[in-house]
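Every letter in the sequence shown is one number past the one before it in numbering that gives the first Met the number 0, and letter 13, counting from 1, is 12. Virtual Cβ for every residue (Gly too), placed ideally from N, Cα, C. Beneath this line is the structure, given in C-alpha cells, with notes to follow.
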Amino acid sequence: MNDHSPPTDQPIRHILSLSGGKDSTALAIFMRDRVPNLEYVFCDTGEELPETYEYLDKLEAYLGQAIVRLNPDRPFQHYLKVYNGVLPDARTRWCTRKLKIEPFERFVGSGACYNYIGIRADEQHRKGYISTKPNITALYPFIEADINREDVFRILEESGLGLPKYYDWRSRSGCYFCFFQQRNEWVGLLENHPDLYQKAIEFETDKENTVTGEGYTWSQRESLKGLMDPERVEQVKAEHARRQMLERQKRKSSQTLVEALSMQFEDDMGDVGCLICHL
Numbered sequence: 000m001n002d003h004s005p006p007t008d009q010p011i012r013h014i015l016s017l018s019g020g021k022d023s024t025a026l027a028i029f030m031r032d033r034v035p036n037l038e039y040v041f042c043d044t045g046e047e048l049p050e051t052y053e054y055l056d057k058l059e060a061y062l063g064q065a066i067v068r069l070n071p072d073r074p075f076q077h078y079l080k081v082y083n084g085v086l087p088d089a090r091t092r093w094c095t096r097k098l099k100i101e102p103f104e105r106f107v108g109s110g111a112c113y114n115y116i117g118i119r120a121d122e123q124h125r126k127g128y129i130s131t132k133p134n135i136t137a138l139y140p141f142i143e144a145d146i147n148r149e150d151v152f153r154i155l156e157e158s159g160l161g162l163p164k165y166y167d168w169r170s171r172s173g174c175y176f177c178f179f180q181q182r183n184e185w186v187g188l189l190e191n192h193p194d195l196y197q198k199a200i201e202f203e204t205d206k207e208n209t210v211t212g213e214g215y216t217w218s219q220r221e222s223l224k225g226l227m228d229p230e231r232v233e234q235v236k237a238e239h240a241r242r243q244m245l246e247r248q249k250r251k252s253s254q255t256l257v258e259a260l261s262m263q264f265e266d267d268m269g270d271v272g273c274l275i276c277h278l
C-alpha cells in the first residue's frame with residue numbers, strides 16, 4: 000500500500016482501476032457520482048476472457064463514460080521469450096508487472112494521481128501487487144465507508160449489472176490462463192472456452208527447468224494436457240462438488256440471497272492475488 004501523498008502544486012488526477020471483477024466494478028458504481036472527473040481504466044493484456052470484455056461494455060453503458068483500455072507495449076508472447084519460456088507464477092508475477100502495472104504507470108506519467116482500489120472493509124489485511132510510484136497514492140473508499148462483501152453483491156444487484164458470466168465457473172477476474180486458478184476453474188475454461196484452453200496448453204513446455212527438473216506448467220505439478228483427461232476432469236469435478244457440499248452444510252437456512260451469493264465466493268484468493276488483476 001502507498002502511504003505517500005502526491006504533490007499539491009499541480010492538478011491531481013483521480014483514476015479508478017478496473018479488473019473486470021466484482022469488487023472494482025462495484026467500486027466504480029459506488030464512486031460514479033462522488034468524485035468529479037473520475038477516470039476509469041482497464042489494463043487489457045489481450046489475453047482476457049470474452050465475458051470480461053462483455054462485462055466492461057455493460058459497465059461502460061451504466062457509467063455513461065468511456066473506460067480507457069490500456070495495452071502493454073509488447074504482447075504476452077514477447078515477454079514469454081524474454082523470460083526464456085518461464086511462465087509467470089505467484090513468486091515472479093512478471094505478467095502483472097509487464098502487462099498491467101507498467102501500462103498503468105505510463106498512463107499516469109509523472110503527475111500526481113489518486114488511484115481508487117476496491118479492497119473491502121472485511122479484507123483490510125489483504126495485500127497485493129500494485130504500483131508503488133511516489134506520485135500515485137492508493138485510496139480505499141470501501142474501507143472508509145465500511146463496505147463488505149455482502150454490500151458489494153448488493154451494489155451489483157441493485158445496479159442491474161449483476162455478476163460477469165464467468166463467475167458461473169470461475170471465482171476471479173484476470174487472464175484466461177491465470178496461474179491463480181484452481182483446478183476446477185481450469186476445467187471450467189476447458190468446458191466453456193476449449194479454444195482458450197488449447198492456447199494455454201501451447202504456452203506450456205516440456206523443456207526441463209534446470210533447478211526443479213520439471214517442465215513449465217500453469218498448474219503446479221500438473222500439465223493442462225493431463226488435466227483434460229476425461230477421468231481427471233471427473234475427479235476434479237467430484238472433489239469440487241464435495242467441497243461445495245461441505246460449505247453448504249455450514250450455511251444457515253435463513254440466509255438472504257445476498258448472503259448466499261457471498262458464500263459462493265468464499266474461495267477468493269485472499270491476499271495472494273494481484274490487486275490490479277483480481278478485484
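Open item on the list: Using the Cβ count rule (16 or more neighbours within 10 Å means buried), how would you classify His77?
Closed with: Exposed: under 16 other Cβ atoms inside 10 Å.
Task: Exposure label - Gly212; buried when at least 16 CB within 10 Å - done: Here Gly212 scores only 45 on pLDDT, less than 50, and its place in the model is too uncertain to base an answer on.
Task: Nearest residue (CA-CA) to Ser23, options Lys224, Glu101, Ser172, Gly159 - done: Among Lys224, Glu101, Ser172, Gly159, the Cα nearest to that of Ser23 belongs to Ser172.
Task: Ordered list of beta strand (DSSP E) runs contained in the stretch 50–88, each at least 3 residues - done: Secondary structure within the stretch 50–88: the beta strand (DSSP E) runs of 3 or more consecutive residues, fully enclosed, are 66–69 (chain order).
Task: Three-state class that DSSP yields for His192 in the structure shown - done: In the three-state DSSP reduction, His192 falls in the coil class, being neither helix nor strand.
TODO: Answer with buried or exposed for Gln9, where buried requires no fewer than 16 other C-beta atoms within 10 angstroms of its C-beta.
DONE: Within 10 angstroms of the beta-carbon of Gln9 lie fewer than 16 other beta-carbons, which makes it exposed.
Task: Between the CA atoms of Ile200 and Glu47 - distance to the nearest angstrom - done: A straight line joining the alpha-carbon of Glu47 with that of Ile200 spans about 16 Å.
Open item on the list: Measuring only the C-alpha atoms, how far is Arg242 from Tyr113?
Closed with: In this structure, the alpha-carbon of Arg242 lies about 40 Å from that of Tyr113.
Open item on the list: I need the DSSP call for Cys112, collapsed to helix, strand or coil.
Closed with: It is a strand residue.
Task: Residue of Phe176, Pro74, Ser158, Pro193 minimising C-alpha distance to Ala60 - done: Ala60 has its Cα closest to that of Ser158, out of Phe176, Pro74, Ser158, Pro193.
Task: Opening and closing residue of the alpha helix (DSSP H) in which Arg12 lies - done: Residue range 12–17 is occupied by the beta strand (DSSP E) that includes Arg12, with no alpha helix (DSSP H) assigned at that position.
Open item on the list: If contact is defined by three or more beta carbon pairs under 8 Å, each pair taking one atom from either stretch, is the stretch 86–95 in contact with the stretch 105–123?
Closed with: No, the stretch 105–123 is not in contact with the stretch 86–95.
Open item on the list: DSSP three-state label for Thr136, please.
Closed with: Here DSSP, grouped into helix, strand and coil, assigns Thr136 to strand.
Open item on the list: With three or more C-beta pairs closer than 8 Å as the rule, is the stretch 188–197 touching the stretch 63–73?
Closed with: The stretch 63–73, when compared against the stretch 188–197, does not touch it at the 8 Å Cβ threshold.
Open item on the list: Between the stretch 167–182 and the stretch 217–224, can you find at least three pairs of beta-carbon atoms closer than 8 Å?
Closed with: As far as the Cβ criterion goes, the stretch 217–224 touches the stretch 167–182, which means the pair count is three or higher.
Open item on the list: Using the three-state DSSP reduction, which class does Thr209 fall into: helix, strand or coil?
Closed with: Because Thr209 sits at a pLDDT of 43, beneath the cut-off of 50, its placement in the model cannot be relied upon, and the point is left open.
TODO: Quick one: residues in its chain with C-beta nearer than 8 Å to the C-beta of Asp43, no 5 flanking neighbours on either side, listed in chain order?
DONE: Taking C-beta separations shorter than 8 Å and ignoring five residues to either side along the sequence, the partners of Asp43 in its chain run Arg68, Leu69, Asn70, following chain order.
Task: Segment contact flag, the stretch 161–171 with the stretch 127–143, C-beta cutoff 8 Å, min 3 pairs - done: No, the stretch 161–171 is not in contact with the stretch 127–143.
Open item on the list: Going by DSSP, what residue range makes up the alpha helix (DSSP H) through Leu37?
Closed with: Here Leu37 belongs to no alpha helix (DSSP H); instead the beta strand (DSSP E) covers 37–42.
Open item on the list: If you measure between the beta carbons of Leu15 and Tyr54, is that distance less than 9 Å?
Closed with: Cβ distance not < 9 Å, so Leu15 and Tyr54 don't count as in contact.
- [ ] Just the C-alpha distance for Lys80 and Ile100, rounded to the nearest angstrom, thanks.
- [x] CA-CA distance, Lys80 to Ile100, rounds to 19 Å.
Open item on the list: Let's see if you can read the secondary structure: which residues bound the alpha helix (DSSP H) around Val34?
Closed with: Counted as a single uninterrupted DSSP element, the stretch harbouring Val34 is not any alpha helix (DSSP H), since DSSP gives it neither H nor E.
Open item on the list: Can you list, in chain order, the residues of its chain with a C-beta nearer than 8 Å to that of Thr95? Leave out the 5 residues immediately preceding and following it.
Closed with: Cβ within range, chain order: Pro87, Tyr128, Cys273, Ile275, Cys276.
Task: For Gln234, the three-state DSSP class (helix, strand or coil) - done: Residue state, collapsed to three classes: helix.
Task: Environment of Asp270 [buried if 16+ CB atoms lie within 10 Å] - done: Confidence is the limiting factor: at Asp270 the pLDDT is only 43, short of 50, which leaves the residue's position unreliable, though a coordinate-based value still follows. With fewer than 16 other Cβ atoms from the protein chains shown falling within 10 Å of its own Cβ, Asp270 counts as exposed.
Task: Local conformation of Tyr215 per DSSP, three classes - done: Strand, per DSSP.
Open item on the list: Using the Cβ count rule (16 or more neighbours within 10 Å means buried), how would you classify Asp56?
Closed with: Per the 10 Å Cβ criterion, exposed.
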